[in-house]
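From first to last, the protein sequence lines are chains Z and F. Each residue of the first sequence is one higher than the one before, counting from 1 in the numbering used here. Each residue of the second sequence is one higher than the one before, counting from 1001 in the numbering used here. The C-beta atom is built at its ideal place from N, Cα and C for all residues, glycine as well.
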Amino acid sequence: MLRYILSFLRIIATKMLQLLSSRKHLIENVLRIYIKTTSGSTLSIEIDPKYDIKQIKNLVASKIGAQPEELKIIFAGKELGDNIIIEECDLGQQSILHAVKIKRNVPTDQSSSKMKPLCEILDDEMFSSNITNSRSNSFSTDNEVINISNSVMLENSTIRSKKIHFYVYCPTCKDLKQGKLRVRCHFCKSGAFTVHADPQNWIHVLEPKQITGTCENNPELCKDILQNKEPTFAEFYFKCSEHISLGETDQAVPLDLIRPNLKQIQCMACLDTSDTIFAFPCPDDHVMCLDCFKQYCLTKLTERQFWQHPEYGYTLACPTGCPDSFIKEIHHFRLLDDENYNRYHHFAAEEFVLQSNGLLCPQPGCGMGILAEPECTRISCQNCKYVFCRHCRQGFHIGECDVVENNDTAGQNFSCESDMNYNNGNSGELASRTTIKIMTKPCPSCKTPTERDGGCMHMICTRAGCKFHWCWVCQTEWTTECMGDHWFG
Amino acid sequence: MAALPRRIIKETQRLMQEPVPGISAVPDDSNARYFHVIVTGPEDSPFEGGLFKLELFLPEDYPMSAPKVRFITKIYHPNIDRLGRICLDILKDKWSPALQIRTVLLSIQALLSAPNPDDPLANDVAELWKVNESEAIRNAKEWTRRYAMDN
């Protein structure tokens, strides 16, 4: 009897274990996705990545009371054909598919490529060449670039997956990640949208209104936008492929200059060939590996050699001096660590103030940006309450500014009697201020304190936005007289 | 001291295996970032026949920053001052990490063939080069004979 009970228990235990392990197996393969319908409802369904679209249609149809044949499944700007397997679609957990009910049962004349998901159609080589910034280039040049990369690809096609790699800065992961391309209606922002053509390059993806499409969400409204008879356009955006989607607003910034190194180009700095590269926006394929790019940014940041570009912001160009090679998407500088990215922001703000003819408060530890009327010489800092003279940056005074002699001992030659705040500063600030005063002379143009650590008397302002040529002796613009009289002091 | 970057190792190896004609650059035994350089005076220049010693140093953030190069041998040249400092744009604001030790030294050799008195560093030399070129060239030859030959 006991033996019978024991064997019975054993059987139960084994069955339970089997059940548990099979369930575990099931859970591993489940993809939870959302289906948005045009009626506005969202279904949450669990599917096997091995399902095809036909199975999805059956699942959805039963839930919304429609026939599977009446449904279109749209994902990333594409209507997915019945034979597409979910696995092929670059879907992550909690991705959103759109189910649209076809009103008239007209057989669609879509080509087979259109029925494939976007990620299967886009090739890496389309996006790897530097054709984004050369819009003025003739078409033949573009084709040439593509042909070159195609021939290289042929050799590598056996080893290399052709699946496109996009890189993004993900604000959720706070890091560089691989990204996924997604599409929505430019007008109503709905994802129930199909593109009329596939994007062929970065211009199509990054610039607005490049590719037209059909909005399934609100076809009547979006068909001809605002009676202008303009069809609606695709709006491309990116998601991080490494965290579970946090909904439709969870987006990432495309870093279009970071690319897979399909052409196997050497980094110009370390001469290594790495898999992922930063491609400068110049026609000559100047690239750096990501580590060297970070180092390049850091060096240029420390030297204050970033440029305030009127359109793009505080940015860098190709280090070899290629024309018009400024980095447009300044989120590329997110590759800097947090501390240096904060410095980047700080310097960018300062440069913006200076280029707007503003001033920075000279008080150590303050540096507040101040935009004052050009004729106003008495500048008052709202932040630290320091009141100073626009011209000599010393405490405000009446009458001429004193010329500060470089070799003077600390604090002797202050021009102003009314400088109340100066003595209020703590000793550290006082010491730095004194040191700066002894060691440096201001650039006659932008007043940047400048130290001369050797060489001739010909100074070039170190601030990238200034670059004023001046004479260390005269403290005015550098002239041939300076060269003749006291070039070397 | 930090490990020597692969870029410097690669460049050094290439300088040894495929030296640039007329230029030798040998890293110092105790400091692989410091190079002893000898540039031969180019043919058909006042520096022909001379062997010019230079020192070249790769700073910590090379190749993001330019190498520091200086003539040790005295030379009469409008773009090189009495301390041997060289006025060459690629050593200053035109530096790019795509340039290398070899390209820098080639540019310096080219500067010996084509002095540029309009962008001078040694003013007196430049002045003479502009006013009385033949006398300047005579001086340059004399200095080459006196300082850059024999030893």
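Could you spell out the range, first to last residue, of the beta strand (DSSP E) harbouring residue i?
{"i": "Z:Gly-179", "result": "175 to 185"}
{"i": "Z:Cys-471", "result": "469 to 471"}
{"i": "Z:Glu-351", "result": "Counting along the chain, Z:Glu-351 falls outside any beta strand (DSSP E), though it belongs to the alpha helix (DSSP H) covering 338 to 355."}
{"i": "Z:Glu-46", "result": "42 to 47"}
{"i": "Z:Gln-308", "result": "307 to 309"}
{"i": "Z:Val-100", "result": "96 to 101"}
{"i": "Z:Ile-56", "result": "It is not in any beta strand (DSSP E) - Z:Ile-56 instead sits in the alpha helix (DSSP H) that spans 53 to 64."}
{"i": "Z:Met-459", "result": "458 to 460"}
{"i": "F:Phe-1057", "result": "1051 to 1057"}
Going by C-alpha to C-alpha distance, which of the options sits closest to residue i?
{"i": "Z:Ala-192", "options": "Z:Tyr-167, Z:Gln-355 and Z:Gly-77", "result": "Z:Gly-77"}
{"i": "Z:Leu-176", "options": "Z:Leu-257, Z:Pro-117, Z:Asn-218 and Z:Leu-246", "result": "Z:Leu-257"}
{"i": "Z:Glu-481", "options": "Z:His-458, Z:Cys-443, Z:Lys-263 and Z:Cys-89", "result": "Z:His-458"}
{"i": "Z:Leu-59", "options": "Z:Ile-45, Z:Lys-239, Z:Leu-354 and Z:Glu-70", "result": "Z:Ile-45"}
{"i": "Z:Ser-356", "options": "Z:Arg-259, Z:Cys-446 and Z:Leu-118", "result": "Z:Cys-446"}
{"i": "F:Ile-1090", "options": "Z:Gly-321, Z:Leu-290 and Z:Lys-263", "result": "Z:Gly-321"}
{"i": "F:Lys-1094", "options": "Z:Cys-318, Z:Leu-430, Z:Phe-333 and Z:Cys-389", "result": "Z:Cys-318"}
{"i": "Z:Glu-339", "options": "Z:Thr-302, Z:Val-195, Z:Leu-354 and Z:His-196", "result": "Z:Thr-302"}
{"i": "Z:Arg-182", "options": "Z:Gln-251, Z:Cys-215, Z:Cys-173 and Z:Leu-316", "result": "Z:Gln-251"}
{"i": "Z:His-196", "options": "Z:Pro-231, Z:Tyr-169 and Z:Lys-174", "result": "Z:Pro-231"}
{"i": "F:Phe-1047", "options": "F:Lys-1130, F:Asp-1124, F:Ile-1108 and F:Asn-1132", "result": "F:Ile-1108"}
{"i": "Z:Cys-456", "options": "Z:Cys-443, Z:Trp-478 and Z:Leu-118", "result": "Z:Trp-478"}
{"i": "F:Ile-1023", "options": "F:Glu-1133, F:Gly-1049 and F:Leu-1105", "result": "F:Leu-1105"}
{"i": "F:Thr-1103", "options": "F:Thr-1073, F:Pro-1067 and F:Leu-1004", "result": "F:Pro-1067"}
{"i": "Z:Tyr-296", "options": "Z:Glu-70, Z:Leu-335 and Z:Leu-43", "result": "Z:Leu-335"}
{"i": "Z:Lys-467", "options": "Z:Leu-371, Z:Leu-31 and Z:Trp-307", "result": "Z:Trp-307"}
{"i": "Z:Lys-116", "options": "Z:Leu-43, Z:Ile-84 and Z:His-98", "result": "Z:Ile-84"}
What residue range is occupied by the uninterrupted alpha helix (DSSP H) comprising residue i?
{"i": "Z:Phe-293", "result": "290 to 302"}
{"i": "Z:Thr-480", "result": "480 to 486"}
{"i": "F:Ile-1075", "result": "Counting along the chain, F:Ile-1075 falls outside any alpha helix (DSSP H), and DSSP gives it neither H nor E."}
{"i": "Z:His-204", "result": "202 to 206"}
{"i": "F:Ile-1101", "result": "1101 to 1113"}
{"i": "Z:Thr-276", "result": "From DSSP, Z:Thr-276 is part of no alpha helix (DSSP H) but of the beta strand (DSSP E) over 276 to 279."}
{"i": "F:Thr-1012", "result": "1006 to 1017"}
{"i": "F:Ser-1134", "result": "1133 to 1147"}
Please tell me whether residue i and residue j are closer than 9 Å, where the distance is taken between their beta carbons.
{"i": "Z:Thr-450", "j": "Z:Lys-441", "result": "yes"}
{"i": "Z:Thr-299", "j": "F:Ser-1065", "result": "yes"}
{"i": "Z:Pro-254", "j": "Z:Leu-206", "result": "yes"}
{"i": "Z:Ile-86", "j": "Z:Tyr-51", "result": "yes"}
{"i": "Z:Arg-343", "j": "Z:Ala-464", "result": "no"}
{"i": "F:Val-1039", "j": "F:Phe-1057", "result": "no"}
{"i": "Z:Gln-93", "j": "Z:Ser-245", "result": "yes"}
{"i": "F:Asp-1028", "j": "F:Phe-1035", "result": "yes"}
{"i": "Z:Leu-96", "j": "Z:Glu-242", "result": "First, the amino acid is wrong: residue 96 of chain Z is Ile here, not Leu. No, the Cβ-Cβ distance between Z:Ile-96 and Z:Glu-242 is not below 9 Å."}
{"i": "Z:Gly-179", "j": "Z:Cys-89", "result": "no"}
{"i": "F:Pro-1078", "j": "F:Trp-1129", "result": "yes"}
Regarding residue i and the ligand FAD, is the C-beta to nearest heavy atom distance less than 8 Å?
{"i": "F:Val-1037", "result": "Ligands are entirely absent from the displayed structure, and the ligand FAD is therefore not among its contents."}
key: contact_flag[the stretch 478 to 488 of chain Z, the stretch 1106 to 1113 of chain F] where n(CB pairs < 8 Å) is 3 or more   = no
ask   = For the stretch 1059 to 1084 of chain F, which residues have a beta carbon sitting closer than 8 Å to at least one beta carbon of chain Z?
value = Asp-1061, Pro-1063, Met-1064, Ser-1065 and Asp-1081
request  = Check whether the stretch 1075 to 1086 of chain F touches the stretch 1008 to 1015 of chain F, counting contact only when three or more Cβ pairs, one atom from each stretch, lie closer than 8 Å.
outcome  = no
inquiry  = Tell me which residues of the stretch 281 to 293 of chain Z have at least one Cβ-Cβ distance to chain F shorter than 8 Å, keeping chain order.
reply    = Of all residues in the stretch 281 to 293 of chain Z, only His-286, Met-288 and Cys-292 place a beta-carbon less than 8 Å from a beta-carbon of chain F.
ask   = In the stretch 365 to 388 of chain Z, which residues sit with their C-beta less than 7 Å from some C-beta in chain F, listed in chain order?
value = none
query = Does the pairing of the stretch 273 to 281 of chain Z with the stretch 308 to 328 of chain Z give three or more beta-carbon distances under 8 Å?
reply = yes
request  = Give the residues from the stretch 1002 to 1013 of chain F that approach chain Z closer than 7 Å (Cβ to any Cβ), ordered along the chain.
outcome  = Pro-1005, Arg-1006, Arg-1007 and Lys-1010
ask   = Mind listing which residues of the stretch 266 to 282 of chain Z have their C-beta closer than 7 Å to chain F's C-betas, in chain order?
value = Met-268, Ala-269, Cys-270, Leu-271 and Asp-272
request  = Spell out a yes or no on whether the stretch 336 to 353 of chain Z and the stretch 177 to 196 of chain Z are touching, meaning 3 or more CB-CB pairs, one atom from each, closer than 8 Å.
outcome  = no
task = With 7 Å as the limit, tell me which residues of the stretch 296 to 307 of chain Z have their beta carbon closer than that to any beta carbon of chain F; keep them in chain order.
result = Within the stretch 296 to 307 of chain Z, the qualifying residues are Tyr-296 and Thr-299.
Near-chain F residues of the stretch 308 to 339 of chain Z - C-beta to any C-beta below 9 Å = Cys-318, Pro-319, Thr-320 and Gly-321
query = Do the stretch 382 to 393 of chain Z and the stretch 361 to 374 of chain Z make contact, defined as three or more Cβ pairs closer than 8 Å?
reply = yes
inquiry  = Quick test of the definition: if touching needs 3 or more C-beta pairs under 8 Å, does the stretch 328 to 344 of chain Z touch the stretch 386 to 399 of chain Z?
reply    = no
query = Counting Cβ pairs, one atom from each stretch, are 3 or more of them under 8 Å apart for the stretch 201 to 215 of chain Z and the stretch 228 to 246 of chain Z?
reply = Yes, the stretch 201 to 215 of chain Z is in contact with the stretch 228 to 246 of chain Z.
Residues from the stretch 1084 to 1097 of chain F in contact with chain Z, defined by Cβ distance under 9 Å = Arg-1085, Lys-1092, Asp-1093, Lys-1094, Trp-1095, Ser-1096 and Pro-1097
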